[in-house]
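S.K.: The structure is given below, and queries will be raised subsequently.
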Amino acid sequence: MTSLSPVSPDPAAPAVAPPDPGLRRDQPFSRRNLIQTVVGGYLPLLVATLVVFLPLLWMVLSSFKQSGEIVTTDLKILPESLNLENYGTAMTTVPFGQFFLNSTIVTLAGATIKVLLAILTAYALVFVRFPFRNFIFLLILVALMVPPQVSILPNFILIAGIGGKNTLWGIILPGLGTAFGTFLLRQHFRTLPASILESAEMDGAGHWRRLWQIVVPVSVPSIATVALVTIVTEWNDYIWPLIITDRPETMTLPVGLTLLQNNESNAAGWGVLMAGAVLVIVPILIIFAALQRYIVAGLTQGSVTG
Amino acid sequence: MTRQLAPHPNAKPKRPPGHPAKVPRRRWTARSRRDFLVFLAMALPNLVLIAVFTYRPLFSNMYYSTLDWTLGSPTATVVGFSNYVTFFTSNDAPKVLGTTAVFTVVTVGGSMVLGLLVALALNAKVRGTTFARSAVFAPYVLSGVGVGLVWLFIFDPGYGVLAWLLRGLGQQSPQWINDPQLSLVMVILVYVWKNLGYCAVVYLAGLQSLPQDVMEAASLDGANGFRRFVSISLPLLSPTTFFLLITTMLSSLQAFDLIRIMTPLGTGTSTLIYEAYLQAFGAYNRAGYSAAISVVLFAILLVITVLQLRFVERKVHYS
């Protein structure tokens, strides 16, 4: 339907729905039954799916249109040709390649460190004896409730004060502390059977070995969930990079898109802007299509993410 | 190992009995000293980061909010509660609080009602629901900036698809961008589009966990589908509804990306979070005033969170 690759069926969802006890028993292929299935079953699904996909399809189609095809009252649905001129313009008006690189570095570095910190903290909270362990966990839980948006100004003053303005580390650093990942992994680690760790301890394995050789290998799905949610959040993050960068060299994609919006403010610029939007949206759409099971589970699990 | 899709709001993590197995002895042995150090080595970096970048700003904001301070200026004067007085006595408070209330109520109500309807559609016994479920969830994970631009183009009064459709019906396109009220409507519509998939998936999990025997009994008693939904499903879904109410309210109050990209000047769309941003990082650089607005926002978020915790506590006690 769009450039989106088909979403793999979700193994977590029930493959066959249980029979509805309330269903009237008509002939299986009676006209009434067919109409009911189409109107009550398929039509709403189709509408919901189209409402989501049509705007995204429109974005992709428009990204190939020349300004003459956009600045017209005679709307054509398909572009005249698949030309990549808008992508070229987006790259040259603003350093889009640089934005893409910055976003990739920020996302990968940020997500890697966050996941590592989450694994270490969660392991310590569950398996290492420490006074006030539960109190520390409580502090992490409360941090989960503190919205990052209200921390913007004080963090800006701190990071700008230590020279982090217009640097990639300045973008990454304030988001590194992870309450969400720690919370999710702690809840998972607590479900691991104590016996496997005890026997490893008998064999003389220290915490470090127990963590990497036992706990992490059996927790791959949970860690993947945390990693994917973190990657998506870092890639889309907007308010903080917007504030801490004002030079193109260190902007991430969403911030760069804002810059592009300022430069292409006339109607002819829509094609270029749609090309920019494709570059921001499609990478996440591909990751989501391939691994949506983990992302949906992670995002609907905690009350607050990020 | 696979996680349950959306948790029941009051779901508690399963913990195996007697775990953690070993109860710490109250003795400062070499081993417990080593554990102490191991704990610090593993947890301290994260804890320090959380303290510095999550907890410290709360207190800094309270301090900054008592200052008359231009961002970037080396000097600031302590003015006590004057920033709060200015906010609540000027035109800003009714405007900003009103916009925030409208945005929050409509987006929360809209995404929950539509989310429930979509969840009912996804709960139908037909093929393709798995794909549709992923599809409706997708906008929730996409960049608000990218999505905002796409919709801005659709709403464009000159060359947007919407204007073209309206022209086909012989109508003029409304001035979505320039009219403050219409731009709020526009941002709300797009926000609901982006977030209803989240509500749909959480509601779907709730629907699928409803007890089948109760539904069966009701249908044997002759209750039709609508009746079963109103009298049985809806009341049984109330924990899910409450969970969604809180989470969507918290995220609506923090909505920034769409508002910033679709209405850069904030005419008609300056919610608390956006006004706090504009005051500090827009044209004025009023850091103290912005901090005061942030504190007001935080107070509101805190009240909602406490309400949520109290409710969860009550469920735990009485159920």
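If you're matching them up, the sequences are chains Z and D in order.
So that you can map any letter, position 213 of the first sequence is 214 in our numbering, and since no number is skipped, the others follow by simple counting.
So that you can map any letter, position 68 of the second sequence is 993 in our numbering, and since no number is skipped, the others follow by simple counting.
Glycine is no exception: its CB is placed at the ideal position from the N, C-alpha and C atoms.
Is the beta carbon of Z:T108 sitting closer than 8 Å to the one on Z:I224?
M.R.: By one-based count along the first sequence, residue 108 of chain Z stands at place 107. By one-based count along the first sequence, residue 224 of chain Z stands at place 223. No, Cβ-Cβ distance for Z:T108 and Z:I224 is not below 8 Å.
S.K.: Evaluate the contact criterion for the region 119-136 of chain Z versus the region 960-978 of chain D: three or more CB pairs, one atom per stretch, below 8 Å.
M.R.: Yes: the two stretches touch, three or more of their Cβ pairs being nearer than 8 Å.
S.K.: Looking only at DSSP bridge pairs, what is D:V1003 linked to?
M.R.: Numbered from 1 along the second sequence, position 78 holds the residue referred to as residue 1003 of chain D. Answer is D:L992, bridged to D:V1003.
S.K.: Return the chain-ordered list of same chain residues with a C-beta closer than 7 Å to the C-beta of D:V1003, the five sequence neighbours on each side being excluded.
M.R.: Reading the second sequence from its first residue, position 78 is the one you call residue 1003 of chain D. Cβ neighbours of D:V1003 beyond the five flanking positions: T991 and L992.
S.K.: Cβ atoms of D:A1057 and D:L1047: under 8 Å apart, would you say?
M.R.: Looking up residue 1047 of chain D in the second sequence gives position 122. Looking up residue 1057 of chain D in the second sequence gives position 132. Yes; because the gap between Cβ atoms is below 8 Å, this pair is in contact.
S.K.: Which of the residues in the region 49-64 of chain Z, read from start to end, lie with their CB under 8 Å from any CB of chain D?
M.R.: Cβ contacts with chain D: A49, T50, V52, V53, F54, P56, L57, W59, M60 and S63.
S.K.: Could you name the residues of chain Z that D:A1057 contacts, counting a contact when the two beta carbons are closer than 7 Å?
M.R.: Within the second sequence, the letter at position 132 stands for residue 1057 of chain D. Correct list: L46, A49 and T50.
S.K.: Are there 16 or more other CB atoms within 10 angstroms of the CB of D:Q1097, so buried, or fewer, so exposed?
M.R.: Numbered from 1 along the second sequence, position 172 holds the residue referred to as residue 1097 of chain D. Counting Cβ neighbours within 10 Å, D:Q1097 comes out exposed, since fewer than 16 surround it.
S.K.: Does the pairing of the region 232-247 of chain Z with the region 264-272 of chain Z give three or more beta-carbon distances under 8 Å?
M.R.: The answer is no - the region 264-272 of chain Z does not touch the region 232-247 of chain Z, with fewer than three Cβ pairs under 8 Å.
S.K.: To which residues of the same chain is Z:T90 closer than 6 Å at the C-beta, ignoring the five residues directly before and after it?
M.R.: Indexing the first sequence from 1 puts residue 90 of chain Z at position 89. Taken in chain order, the residues that qualify are V273.
S.K.: Could you please give the first and the last residue of the uninterrupted alpha helix (DSSP H) stretch that includes Z:V314?
M.R.: Examination of residue 314 of chain Z is not possible in this model, given that chain Z is present from 2 through 307 alone.
S.K.: List the residues of chain D that Z:M146 touches, going by C-beta distances under 7 Å, in chain order.
M.R.: Taking the first residue of the first sequence as position 1, residue 146 of chain Z is located at position 145. Result: T1230.
S.K.: For Z:I160, collect the residues of the same chain with a Cβ closer than 8 Å to its Cβ; drop the 5 residues on either side in sequence, then sort them by chain order.
M.R.: One-based indexing of the first sequence puts residue 160 of chain Z at position 159. The residues are K166, G171, L174, P175 and I245.
S.K.: Name the chain Z residues whose beta carbon is nearer than 8 Å to that of D:V1086?
M.R.: Taking the first residue of the second sequence as position 1, residue 1086 of chain D is located at position 161. Residues of chain Z passing the Cβ test: W59 and L76.
S.K.: Please say whether Z:G205 and Z:V95 have beta carbons closer to each other than 8 Å?
M.R.: In the first sequence, the residue the question calls residue 95 of chain Z occupies position 94. In the first sequence, the residue the question calls residue 205 of chain Z occupies position 204. No, they are not a contact pair.
S.K.: Can you tell me which of the three DSSP states D:R1211 falls into?
M.R.: As a position in the second sequence, residue 1211 of chain D is number 286, starting the count at 1. D:R1211 falls in the strand class under three-state DSSP.
S.K.: Kindly list the residues whose CB is nearer than 6 Å to the CB of D:N1008, restricted to its own chain and excluding five residues on each side of it in sequence; keep chain order.
M.R.: Reading the second sequence from its first residue, position 83 is the one you call residue 1008 of chain D. Answer for D:N1008: S990, G1213, Y1214 and A1217, listed in chain order.
S.K.: Is there a Cβ from chain Z that is less than 8 Å from the Cβ of D:G1053?
M.R.: For this step, residue 1053 of chain D is matched to residue 128 along the second sequence. At least one chain Z Cβ lies under 8 Å of D:G1053.
S.K.: Which residues in the same chain as Z:V281 place their Cβ atom closer than 7 Å to its Cβ, once the five residues preceding and following it in sequence are excluded?
M.R.: Here residue 281 of chain Z refers to the residue found at position 280 of the first sequence. Closer than 7 Å at Cβ, skipping near neighbours: L254, P255 and L258.
S.K.: So, do the region 1102-1119 of chain D and the region 1026-1033 of chain D have three or more beta carbon pairs nearer to each other than 8 Å?
M.R.: The region 1102-1119 of chain D, when compared against the region 1026-1033 of chain D, does touch it at the 8 Å Cβ threshold.
S.K.: Quick check: is any heavy atom of the ligand SAM less than 7 Å from the C-beta of D:L1226?
M.R.: Within the structure as shown, the ligand SAM is missing, as the structure has no ligands at all.
S.K.: Apart from the five residues just before and just after D:S1219, which ones in its own chain have a Cβ nearer than 7 Å to its Cβ?
M.R.: Numbered from 1 along the second sequence, position 294 holds the residue referred to as residue 1219 of chain D. Excluding residues within five positions, the ones whose Cβ falls inside 7 Å are N986 and A1201.
S.K.: Does any C-beta atom of chain Z lie closer than 8 Å to the C-beta of D:Y1214?
M.R.: What you label residue 1214 of chain D is simply residue 289 of the second sequence in a count that begins at 1. No, no contact with chain Z.
S.K.: For Z:G41, go through chain D and note every residue whose CB falls closer than 7 Å to its CB, in chain order.
M.R.: Sequence index remark: in the first sequence, residue 41 of chain Z carries index 40 (1-based). Here the neighbours are A1049.
S.K.: List, in order along the chain, the chain D residues whose C-beta lies closer than 7 Å to that of Z:F131?
M.R.: Taking the first sequence and counting its residues from 1, the one referred to as residue 131 of chain Z is at position 130. Within 7 Å Cβ-Cβ: D960, F961 and F964.
S.K.: What separation, rounded to the nearest whole angstrom, lies between the Cα atoms of D:V1139 and D:I1157?
M.R.: If you number the second sequence from 1, residue 1139 of chain D lands on position 214. If you number the second sequence from 1, residue 1157 of chain D lands on position 232. If I take the Cα positions, the gap works out to 8 Å.
S.K.: If you reduce the DSSP assignment to three classes, tell me which class Z:M92 lands in.
M.R.: As a working mapping, residue 92 of chain Z is identified with position 91 in the first sequence. Of the three classes helix, strand and coil, the one that applies to Z:M92 here is helix, per DSSP.
S.K.: In chain order, what residues of the same chain have a beta carbon less than 7 Å from the beta carbon of D:T1188, not counting five sequence neighbours either side?
M.R.: Locating residue 1188 of chain D in the second sequence gives position 263, where the first residue counts as 1. Only S1108, V1112 and T1194 meet the Cβ criterion.
S.K.: Give the residues from the region 223-238 of chain Z that approach chain D closer than 8 Å (Cβ to any Cβ), ordered along the chain.
M.R.: Cβ contacts with chain D come from S223, T226, V233, W236 and N237.
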